[in-house]
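Heads up: the protein sequence lines correspond to chains A and R, in order. Each residue of the first sequence is one higher than the one before, counting from 814 in my numbering. Each residue of the second sequence is one higher than the one before, counting from 814 in my numbering. Glycine included, C-beta positions come from ideal geometry on N, C-alpha and C. Predicted, not measured: the structure shown is a model, and the values here were computed from it. Here the structure is laid out as structure tokens; the discussion comes afterwards.
2 protein chains.
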Amino acid sequence: MKTDKEQNVKELVERIGVAMEMGGLQPAVGRVLGCLMVSDPPYKTFDEIQGYLGISKSAVSNALNGLMSREIVDYMTLPGERKRYFQLVQTGMISQMKTKLARHSAMPELLRAVVQVRSNKYPEFNKNLLEICDFFSFMEKEMLASLDKWEKLKAKKS
Amino acid sequence: MKTDKEQNVKELVERIGVAMEMGGLQPAVGRVLGCLMVSDPPYKTFDEIQGYLGISKSAVSNALNGLMSREIVDYMTLPGERKRYFQLVQTGMISQMKTKLARHSAMPELLRAVVQVRSNKYPEFNKNLLEICDFFSFMEKEMLASLDKWEKLKAKKS
DNA sequence: TTTTTAGTTTTGTTGTTGCAGAACTAAAAG
DNA sequence: CTTTTAGTTCTGCAACAACAAAACTAAAAA
């Protein structure tokens, strides 16, 4: 039966939505993403998204605009048609990861400021703060290196 | 003048609070963390925290309990005293990073499920989905490796 | 026993989020 | 010029989050 598989797909979309929600996106945004992932063909119009998810136009509009501003989604048009076909930007998730990393980058600076403000009556504590600071710097550097590594790996393949 | 420096420290606490807030914690929680970072000595009682931040007891209580359940803060007691001295767990931020990483680990599985559900009419799209999937797996592996590297580096020093 | 201390739990208020529904708009079609 | 299409923006609401204030509790002190 067809409905059976479709049910499965909808549940999958729902699970993607929840996963995205935990990543800081709002529910409807996560579902739109999920919808575009399972969509066959891999693009959908505004109305199709709305119909598939059964949510309001405003929810779809806001979700799509948010996703487009983050460059996770973009759209194309077909010649002679006015409507837009929305689709995932394949590199979007990857650059998303980069921006997420960048958000941690304020910590080392703050921690250094903290240590500068502290007395040196508790050198052990200060040392540990600096170590945490080093840890964050270290991880940021490492992750950027990993991203580089990935990009080179991909470049070779293609 | 003393007040001048204290003002600076309070601003620093506030900035830490904001940084933590962006990391997904609630405002009061971020400030309690900031307070414990700049605290000299590096521990404070419930009342001291409340007094320093000028927030309610319930806010302090909830913040501390949340931080303790995440193992970012713990407390000690002094012999003969009932009150608890709250302090940062130095490894707390680091294990916090680990849990954050773990949250991404559902993605590869979901993406694989998506591809299995899709037709193969759009092999390019499917290939790209699998590539994103690989990317997340790759990054998770890399980060765990980095964490290992850090721990070994630290082990050597001490 | 009562009182104090060190918090916890409950209650209520305020502000914010996330969305639906309806009104609106701009461009194209008729 | 009117109508349709493809969305956007506005209005309003229900649910939830973050917190203050106050009531409560459990253990120790007096």
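| Item | Value |
| --- | --- |
| Could you give the uninterrupted runs of the alpha helix (DSSP H) lying entirely in the region 894-939 of chain A, keeping only those of 4 residues or more? | 905-916 and 919-930 |
| Taking three-plus beta-carbon pairs below 8 Å as touching, is the region 908-924 of chain A in contact with the region 822-835 of chain R? | yes |
| Give me the Cβ distance between R/F949 and R/H917, rounded to the nearest whole Å; I'm assuming they're in contact under 8 Å. | 6 Å |
| Would you say the beta carbon of R/D853 is closer than 7 Å to some non-hydrogen atom of the ligand NAD? | Of ligands this structure carries none, so the ligand NAD is not represented either. |
| For A/T816, which beta-bridge partners are listed by DSSP? | The partner list for A/T816 (beta bridge, DSSP) is empty, contrary to what the question assumes. |
| Report the partner residues of R/M889 according to the DSSP bridge assignment. | R/Y898 |
| Of all the residues that make up the region 948-959 of chain R, which are near chain A by a beta-carbon distance shorter than 7 Å? | F948, F951, M952, E955, M956 and S959 |
| Touching or not, the region 948-967 of chain A and the region 955-968 of chain R, by the rule of three or more beta carbon pairs under 8 Å? | yes |
| Note the first and the last residue of the continuous alpha helix (DSSP H) segment covering R/Q839. | From DSSP, R/Q839 is part of no alpha helix (DSSP H); its letter is neither H nor E. |
| Measure from the alpha carbon of A/K970 to the alpha carbon of each residue in R/S971, R/K913 and R/E944, then state which is nearest. | R/E944 |
| Alpha carbon to alpha carbon, what distance is there between R/L849 and A/P840? | 34 Å |
| List the residues that DSSP assigns as beta-bridge partners of R/K857. | R/F899 |
| Can you check whether the CB of A/V851 is closer than 8 Å to the CB of R/V789? | No statement about residue 789 of chain R is possible, as the shown extent of chain R runs from 814 to 971 and does not include it. |
| Check whether the region 873-884 of chain A touches the region 854-863 of chain A, counting contact only when three or more Cβ pairs, one atom from each stretch, lie closer than 8 Å. | yes |
| Counting only Cβ pairs nearer than 7 Å, list the residues of chain A close to R/A926. | L825 |
| For R/S852, which of helix, strand or coil comes out of DSSP? | coil |
| Give me the residue from R/L901, R/E824 and R/K823 with the minimum Cα distance to R/L877. | R/L901 |
| With burial defined as no fewer than 16 other Cβ atoms inside 10 Å of the residue's Cβ, what is the status of A/G864: buried or exposed? | exposed |
| Check whether the Cβ of A/A915 lies closer than 8 Å to any Cβ atom in chain R. | no |
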